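J.: The structure under discussion is supplied below as structure tokens; questions concerning it will follow.
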Amino acid sequence: MLGNLNSQKVYAMIDCNSFYCSCERLFRPEYRKRPVIVLSNNDGCAVARTQEAKDLGIAMGAPYFKIRELCNKHGVGVFSSNFSLYTNISDRVMNILAGFGVEIEVYSVDEAWIDITNVTKDYLSYGRMIKERVEREVGIPVGVGIAPTKTMAKLANHVAKKSVRSGGVVDLSHPTHWIAARERVKIEDVWGIGRRSAEKLNALGIKSAEDFVQYQNDRLIQKILTKTGLQRKKELDGIHCFDLELITQKKKVIRSSRTFGSSVYEKEAMKEAIASHVSAAAEKLRRQKSVCSVVAVFFRTSPFKNFPQFYAHEGLRLSSPTQDTRRLIKHALELVEGMYRGGFEYKKAGIELHEIVDESQAQLSLLDANDSPLSAKLMGTMDSINFWHGPKTLQSMACGVDNKAWKMLREHKSPRYTTSWYELPKVV
DNA sequence: TCTGGGGTCCTAGGACCC
DNA sequence: TCTGGGGTCCTAGGACCC
26 MLGNLNSQKV YAMIDCNSFY CSCERLFRPE YRKRPVIVLS NNDGCAVART
76 QEAKDLGIAM GAPYFKIREL CNKHGVGVFS SNFSLYTNIS DRVMNILAGF
126 GVEIEVYSVD EAWIDITNVT KDYLSYGRMI KERVEREVGI PVGVGIAPTK
176 TMAKLANHVA KKSVRSGGVV DLSHPTHWIA ARERVKIEDV WGIGRRSAEK
226 LNALGIKSAE DFVQYQNDRL IQKILTKTGL QRKKELDGIH CFDLELITQK
276 KKVIRSSRTF GSSVYEKEAM KEAIASHVSA AAEKLRRQKS VCSVVAVFFR
326 TSPFKNFPQF YAHEGLRLSS PTQDTRRLIK HALELVEGMY RGGFEYKKAG
376 IELHEIVDES QAQLSLLDAN DSPLSAKLMG TMDSINFWHG PKTLQSMACG
426 VDNKAWKMLR EHKSPRYTTS WYELPKVV
């Protein structure tokens, strides 16, 4: 059903350009015109690239050891990821967007939709104003896509990024420009159509977003792409299927995992790593005021290596829900005890918390001790110490005291310019 | 030497029950 | 001894996102 015209919405999708790289550039003006990349944890691979870096042929996810030469040769600015900086800059951008007085869905660290249906009649000018203000007040360049559905606003945003002529703002609020825009966008660049689905659609002769919309057999589309895939197709033709999600949903699964800085060969080191991951995940769990009933542990060797491989992943149900780091560590370490096999070179480990529910609606167990009031107090104190004095100021002994062996490598990390008094930028 | 991390949603298929 | 259909719940795995 199309719904009547009065209920027609207009959304703007705002997306920061090469977000992590743009954050690094803020404090390093000498890189404004030069290629910049940001590396994943452990300086493993490139996870963000500026246009100049893309033009050099640096692919998303390219392992750093394979592109190091190229980077040196072309004077590419190379940075380890600095998430406290990016989150902080992201907050500033989102605050400005929220300040326009409309509904907002923060979709990721660098993207948001806002509902601009009733704030203006001239959507294009409004989009330009949004772009101009974010760039002036935070210094991060953004693209703006405007359209009656979320999926089409994403598409408009994509066109805005590619088209120099658009000046970074594309308005598809009116159907006149839909066909031309959809013809420019490859099917694999449509939001929600990944590589696998694109291959299947290509086989049906669907190459562009426009081909997709024109394809008549919706039953087949649903079969290939599932229900949500068909909804995306409709949204590309202006039919509203997805509302803005205004309330941040609590996580249903919390995961903490990491590749080791250097390989782990000992069970004790593995236990320290696992305990550290539990600590991080449990802190997240408490921050969203939840408890969990299942903890799972996994670890693995490197799939890129020739040597004997081992992968283990096991979960354990607790007798009652908890948010107590100590209890979670205890059970996670029991799992490690049972799962660990010596004689392998371990490269990665992590934990997951499942069956997460609100702490207020946790089932009371009469047989087993729930987290006691004392536990809540202890955890609360620990969280606040770590908040004010920095992560890991206070932690369980199980996490180890000197775990250099598996700690991650971050050789190119920029200072925490905005979140640490000790690392403020200096004006000289 | 060196290849990320953290999520969500959907479906198929098995187990089980009536 | 044999045959059926329909419903629900759970889990594993695929696919996608940034």
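Each number in this note's numbering comes from the position in the first sequence (counting from 1) with 25 added on.
Cβ atoms here follow ideal geometry from the backbone N, Cα and C, with glycine treated the same way.
Since we're looking at a predicted model, the values are computed, not measured.
Do you know offhand how far F44's Cα is from G102's?
T.: The alpha-carbon atoms of F44 and G102 are separated by roughly 14 Å.
J.: Determine the burial state of M177: buried for a count of at least 16 other Cβ atoms within 10 Å of its Cβ, exposed for fewer.
T.: Under this definition M177 is a buried residue.
J.: Let's see if you can read the secondary structure: which residues bound the alpha helix (DSSP H) around R59?
T.: Element bounds for R59: n/a, residue is neither H nor E.
J.: Would you please state the rounded distance, in angstroms, between the beta carbons of V361 and I299? I believe it to be under 8 Å.
T.: Right, the Cβ-Cβ distance comes to about 5 Å (below 8 Å), so this counts as a contact.
J.: Quick check on Y290: does DSSP put it in helix, strand or coil?
T.: If DSSP states are grouped into helix, strand and coil, Y290 belongs with coil.
J.: Measuring CB atoms only, is the stretch 309-325 touching the stretch 374-388, in the sense that at least three cross pairs come out at less than 8 Å?
T.: With the cut-off at 8 Å, the stretch 309-325 and the stretch 374-388 touch.
J.: What three-state label does DSSP hand W413 in the structure shown?
T.: Looking at W413 - three-state DSSP - the assignment turns out to be helix.
J.: Starting from the Cα of M38, find the closest Cα among A78, A71 and T142 and give me that residue.
T.: M38 has its Cα closest to that of T142, out of A78, A71 and T142.
J.: Using the Cα positions of S150 and R435, report the straight-line distance between them to the nearest angstrom.
T.: Computed Cα separation, rounded: 43 Å.
J.: By DSSP's criteria, M38 is part of a beta bridge. Which residues make up the other side?
T.: Bridge partners of M38: W138 and G170.
J.: Around the Cβ of K373, are there at least 16 other Cβ atoms within 10 angstroms (buried) or fewer (exposed)?
T.: Buried.
J.: What does DSSP give as the partner residue(s) for Y371 in the beta ladder?
T.: BP columns for Y371 point to V289 and T326.
J.: If you count every other CB in all the chains shown that lies within 10 Å of the CB of K179, and 16 or more means buried, which is it?
T.: K179 should be labelled buried.
J.: What's the C-alpha gap between R153 and G425?
T.: When rounded, the distance between both Cα atoms is 52 Å.
J.: If you run the structure through DSSP and keep just helix, strand and coil, what is C46?
T.: Reduced to three states, the DSSP call for C46 is helix.
J.: Taking contact to mean at least 3 C-beta pairs separated by less than 8 Å, is the stretch 103-118 in contact with the stretch 131-141?
T.: Enough Cβ pairs lie closer than 8 Å, so yes.
J.: Candidates S345, H356 and S282: which alpha carbon is nearest E384's?
T.: Among S345, H356 and S282, the Cα nearest to that of E384 belongs to S345.
J.: With the cut-off set at 8 Å, would you say I165 and C41 are in Cβ contact?
T.: Yes. Within cutoff.
J.: Within 8 Å, do at least three Cβ pairs link the stretch 291-309 to the stretch 352-367?
T.: Yes, since at least three Cβ pairs between the stretch 352-367 and the stretch 291-309 fall closer than 8 Å, the two stretches touch.
J.: Is A78 closer than 8 Å to P60 when the C-beta atoms are compared?
T.: Taking 8 Å as the Cβ cut-off, P60 and A78 qualify as a contacting pair.
J.: In terms of alpha-carbon separation, which member of R441, R352, T443 and Y336 lies closest to R342?
T.: Closest option to R342, Cα to Cα, is R352.
J.: Under the rule that 16 or more other beta-carbon atoms within 10 Å means buried, what is V278, buried or exposed?
T.: Counting Cβ neighbours within 10 Å, V278 comes out exposed, since fewer than 16 surround it.
J.: Could you compute how far the alpha carbon of G28 sits from the alpha carbon of Q386?
T.: Residue placement at G28 cannot be trusted, given a pLDDT of 45 that sits under 50; what the coordinates show is reported in the next sentence. Looking at the two C-alpha atoms, the distance is approximately 38 Å.
J.: Is F237 helix, strand or coil when you go by DSSP?
T.: In this structure, F237 counts as helix in the three-state DSSP scheme.
J.: Return the bridge partner residues of Q105 from the DSSP annotation.
T.: Inspection of the sequence shows that residue 105 is occupied by Ser rather than by Gln. Partner(s): L64 and K438.
J.: Rounded to whole angstroms, what's the CA-CA distance from I272 to K232? Just pull it up for me.
T.: Going by the C-alpha atoms only, they are around 35 Å apart.
J.: Do V167 and E160 have their beta-carbon atoms positioned less than 8 Å apart in this structure?
T.: Cβ distance < 8 Å, so E160 and V167 count as in contact.
J.: Here's the rule I'm using: 16 or more other beta-carbon atoms within 10 Å means buried, otherwise exposed. How should W413 be labelled?
T.: Exposed, because fewer than 16 other Cβ atoms sit within 10 Å of the Cβ of W413.
J.: Among V184, S327, N66 and S47, which one has its Cα closest to the Cα of A234?
T.: For the residues V184, S327, N66 and S47, the minimum Cα distance to A234 belongs to V184.
J.: T253 and G217 look like a contact to me (Cβ under 8 Å); what is the Cβ gap, rounded to whole Å?
T.: Their Cβ separation, rounded to whole angstroms, is 7 Å, which keeps T253 and G217 in contact under 8 Å.
J.: Would S288 and E224 be called neighbours here (beta carbons separated by less than 8 Å)?
T.: Cβ distance not < 8 Å, so S288 and E224 don't count as in contact.
J.: Straight-line CA distance for S188 to L81?
T.: Looking at the two C-alpha atoms, the distance is approximately 19 Å.
J.: Under a Cβ-count criterion, where at least 16 other Cβ atoms within 10 Å of its own Cβ denotes burial, should S198 be classed as buried or exposed?
T.: Looking at its Cβ environment, which holds 16 or more other Cβ atoms inside 10 Å, S198 is buried.
J.: Quick one: what does DSSP say C266 is sitting in, helix, strand or coil?
T.: Residue state, collapsed to three classes: coil.
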